[in-house]
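Going letter by letter, the sequence shown gives residues 1002 to 1316 in my numbering.
From the three backbone atoms N, C-alpha and C, an ideal C-beta is built for every residue, glycine too.
Each remark here refers to the structure printed beneath this line.
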Amino acid sequence: MKESKQKSRRVRNAALILLLALICVGGVELAFCRHFAPEHYQQITAPVRQGLEEAAGVCRSAYLQAARLWRSCRDYAVQTARRWAEARAERRRQAELEAAIELASQASAEPVPLSALPEIPQGSAAITDMVEKDGRQILTGGLADVVYFNQGEEPWASQPYGRDHIGGYGCGPTAMAMAVASLTDIETDPATMAQWAAEQGYWASKSGSYLSIVEGTARAYGLEAAPLEQRTPEALRDALLSGKMLVALMGPGHFTNNGHFILLRGVTLSGTVLVADPNSTDRSLCEWDPQLILDELSSNHASGGPLWTVCLPQE
1002 MKESKQKSRR VRNAALILLL ALICVGGVEL AFCRHFAPEH YQQITAPVRQ GLEEAAGVCR
1062 SAYLQAARLW RSCRDYAVQT ARRWAEARAE RRRQAELEAA IELASQASAE PVPLSALPEI
1122 PQGSAAITDM VEKDGRQILT GGLADVVYFN QGEEPWASQP YGRDHIGGYG CGPTAMAMAV
1182 ASLTDIETDP ATMAQWAAEQ GYWASKSGSY LSIVEGTARA YGLEAAPLEQ RTPEALRDAL
1242 LSGKMLVALM GPGHFTNNGH FILLRGVTLS GTVLVADPNS TDRSLCEWDP QLILDELSSN
1302 HASGGPLWTV CLPQE
């Protein structure tokens, strides 16, 4: 058995040596032929060159096909990603539109008649008043004075909000302009805020504003906004007494027949609430039962609504 393996190994080694010798001899002959008989060399090597050229052509063709396939896959991936992004944007837009159905209400038409307002308490003028300071209207009372803008009065009423106008649809940017102007040193007004809000995508055509305008505006102007989760008269008073303002989206009732943004700006010693209504100076000079405010909040809970606290960042 051992002798058989050794014999097999000797045969294999001999064959390898013979093959190597043939290769060497063939190489020498080809080199000699190339130098002394180039025409004969060309004839001998022509099939090899042709095979190599064909192989190179096949490789080149395969490479080009692979490149085209890769580009096609890349283009398909880009188009698919774009379609997915557009689909997500469309779903988000549809969700916002659905959330804005109730906001069609923000087409504020005329203020609710004064006959529908609660009776203004005796001596309320000592609690809150409207004064002019540095060319701006200021609501007094509460812990701090509030800059007041009325969307239904010029020069704001006829100014654009997207393709609508502030007088009919701009309670959102007007309320946020009051909050920003009162809590910060930033100079703003309903027209400036409406233009900015429309550019940021907060304007809802023929509907007013998406509810995301509250937190989005606060964030952009260096304020903090958060939903007021506990909606009780005590929680509302505590937030106001801590120096915060509240943005409220009101439903049908004393403030609107549909939907309307207002500011809650202070609380009196008797526990009533002071407001800044972008569409009524008279309602802004009333005292309001906090439970009435809570009862008339909109049922729209999109983007943390219908009640948010707004304040300077807490240190």
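- Cβ neighbours of Y1222 within its own chain (closer than 7 Å, five residues either side excluded): V1181, T1185, I1187.
- Remark: C-beta atoms of S1300 and G1254 do not approach each other more closely than 9 Å.
- Secondary structure at E1225: strand, using DSSP grouped into helix, strand and coil.
- Between the beta-carbon of A1226 and that of E1216 there is about 5 Å, and that keeps the pair under the 8 Å contact cut.
- If you compare the alpha carbons of T1282, Y1149, S1213, K1245 with that of R1137, the shortest gap goes to Y1149.
- A straight line joining the alpha-carbon of P1307 with that of L1264 spans about 12 Å.
- With fewer than 16 other Cβ atoms from the protein chains shown falling within 10 Å of its own Cβ, T1081 counts as exposed.
- With a cut-off of 8 Å on Cβ pairs, the region 1155 to 1174 is in contact with the region 1190 to 1210, counting three or more such pairs.
- Residue pairing by DSSP leaves I1167 without any beta bridge partner.
- Per DSSP, the unbroken alpha helix (DSSP H) holding A1192 starts and ends at 1191 to 1200.
- In the three-state DSSP reduction, R1220 falls in the helix class (H, G or I).
- Taking C-beta atoms under 8 Å as the contact rule, Q1160 and A1195 qualify, at a distance of about 6 Å.
- Exposed is the label assigned to W1085, since fewer than 16 other Cβ atoms lie within 10 Å of its Cβ.
- When secondary structure is reduced to three states using DSSP, I1128 falls in the coil class, being assigned neither helix nor strand.
- Residues G1173, Y1203 of the same chain have their beta carbon placed closer than 6 Å to that of S1210, with the five preceding and five following residues left out of the count.
- Taking each of V1268, P1279, N1280 in turn and checking the Cα distance to Q1292, the smallest one comes out for V1268.
- F1150 is bridged by DSSP to nothing; it lacks a bridge partner.
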